[in-house]
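Residue numbers (full-length UniProt numbering): 1 to 262.
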């Protein structure tokens with residue numbers, strides 16, 4: 001029991017720490033700053049941050065969401081991302097490696113793989129949500145992890161490769177038809193990654209879920225007049241959510257669908 005609690009706590013802290021680093025990567029990439037060599041500083045006044053100001057979640061709460069130097073309010077995005085990534089990590093632990101004393105080395109290897117996938121999915125989610133663009137440099141590592149999935153975890157590698165082609169072809173077709181108006185090139189690479197990560201037929205389920213979620217949110221935003229019919233809505237975040245849901249609960253979601261409609 002004590003080991004279980006420690007593992008959950010450790011993974012949450014690890015996830016929160018990586019969530020903080022993801023915020024840095026997204027912000028500095030958008031500003032074309034060096035990710036590693038640039039010292040951590042306040043976004044509002046530029047003052048260098050103290051080590052204790054870099055502690056995930058705690059530093060935000062301790063400072064009550066305000067900059068120590070200029071007292072300017074810090075975006076709650078930092079707290080949300082750190083908390084969410086921490087939760088995504090422990091959810092993966094619960095779903096993949098339970099119960100601990102029965103878990104094989106393959107379970108733990110898959111858990112590490114899952115954690116890496118989550119990190120890059122969150123990067124894509126954040127960057128596309130903020131800037132409506134999916135960077136290839138975030139999608140390529142996901143494709144690499146997808147290839148790793150095909151080699152190590154997939155029982156039917158041919159179907160997994162086919163799923164990758166289907167995912168990429170689906171968005172490539174839209175890209176050609178719309179001349180880049182409906183989707184961007186980044187969606188194509190993300191589609192390839194989704195297929196390799198999920199395999200067949202789960203790529204289809206992930207796409208369906210993504211479009212359902214996107215439609216629900218778009219309708220809500222239109223009804224509440226937060227966007228207009230001509231407004232563009234980033235689709236990457238919905239693809240990320242659909243991928244994550246199917247990655248952990250694809251079989252269960254599919255079974256619920258069959259029971260509901262058949």
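Glycine included, C-beta positions come from ideal geometry on N, C-alpha and C. Keep in mind the model is a prediction, meaning the values are calculated, not measured.
Requested in this report: Could you tell me the boundaries of the alpha helix (DSSP H) in which residue 237 lies?
Outcome: Segment 236-261, the alpha helix (DSSP H) holding residue 237.
Assigned secondary structure, residue 266 (DSSP; H/G/I helix, E/B strand, else coil): The shown model of the chain, from 1 to 262, leaves out residue 266, and the question about it has no answer.
Residue 4 to residue 91, Cα distance in whole Å? 13 Å
Short Cβ contact (7 Å threshold) for residue 164 with residue 195 = yes
> Near residue 197, what residues of its chain come up, given a Cβ to Cβ distance below 8 Å and the 5 sequence neighbours on each side ignored?
Replying inline: 117, 142, 145, 146, 149, 243 and 247
Using the Cα positions of residue 78 and residue 31, report the straight-line distance between them to the nearest angstrom.
17 Å
Check each candidate in 179, 177 and 238 and name the one with the smallest Cα separation from residue 208.
238
- If we count the other Cβ atoms within 10 Å of its Cβ and call it buried at 16 or more, is residue 82 buried or exposed? When all chains shown are included, residue 82 counts as buried.
request  = Name the one or two DSSP bridge partners that residue 73 has.
outcome  = 66
Quiz item: Just reading off the alpha helix (DSSP H) that residue 216 is part of, what are its end residues?
Solution: 202-223
Neighbourhood of residue 12 by C-beta, 6 Å cutoff - its chain only, sequence neighbours within 5 removed
86 and 90
query = Going by Cα to Cα distance, which pick from 154, 179, 187 and 156 is closest to residue 169?
reply = 187
Practice item. Drop a sphere of 10 angstroms on the beta-carbon of residue 115, count the other beta-carbons inside from all chains shown, and report buried for 16 or more, exposed for fewer. Key: Counting the other Cβ atoms within 10 Å of the Cβ of residue 115 gives 16 or more, which makes it buried.
DSSP-derived helix/strand/coil call for residue 91: Residue 91 falls in the helix class under three-state DSSP.
What residues in its chain sit with their C-beta under 7 Å from that of residue 138, if we drop five residues either side in the sequence?
120, 123, 124 and 127
Review point. What residue from 76, 6 and 131 has the CA that sits closest to residue 20's CA?
Key: Among 76, 6 and 131, the Cα nearest to that of residue 20 is on 76.
Could you work out which residue in 29, 14 and 233 is closest to residue 129 when comparing CA atoms only?
-> 233
Checklist entry - What separation, rounded to the nearest whole angstrom, lies between the Cα atoms of residue 267 and residue 28? => result This structure gives no information on residue 267, because the portion of the chain shown stretches from 1 to 262.
Between residue 190 and residue 134, which are expected to be in contact by the criterion C-beta below 8 Å, what is the C-beta distance as a whole number of angstroms?
6 Å
Inter-residue Cα distance where the pair is residue 172 and residue 200: 18 Å
Would you please state the rounded distance, in angstroms, between the beta carbons of residue 192 and residue 167? I believe it to be under 8 Å. Contact flag correct, Cβ pair sits at about 5 Å.
Fill in: Nearest to residue 17 (by Cα), restricted to the options 34, 59 and 33
Closest option to residue 17, judged by alpha-carbon separation, among 34, 59 and 33: 59.
If we count the other Cβ atoms within 10 Å of its Cβ and call it buried at 16 or more, is residue 93 buried or exposed?
-> Counting Cβ neighbours within 10 Å, residue 93 comes out buried, since at least 16 surround it.
Can you give me the start and stop residues for the alpha helix (DSSP H) that residue 174 sits inside?
-> Residue 174 -> alpha helix (DSSP H) spans 157-178.
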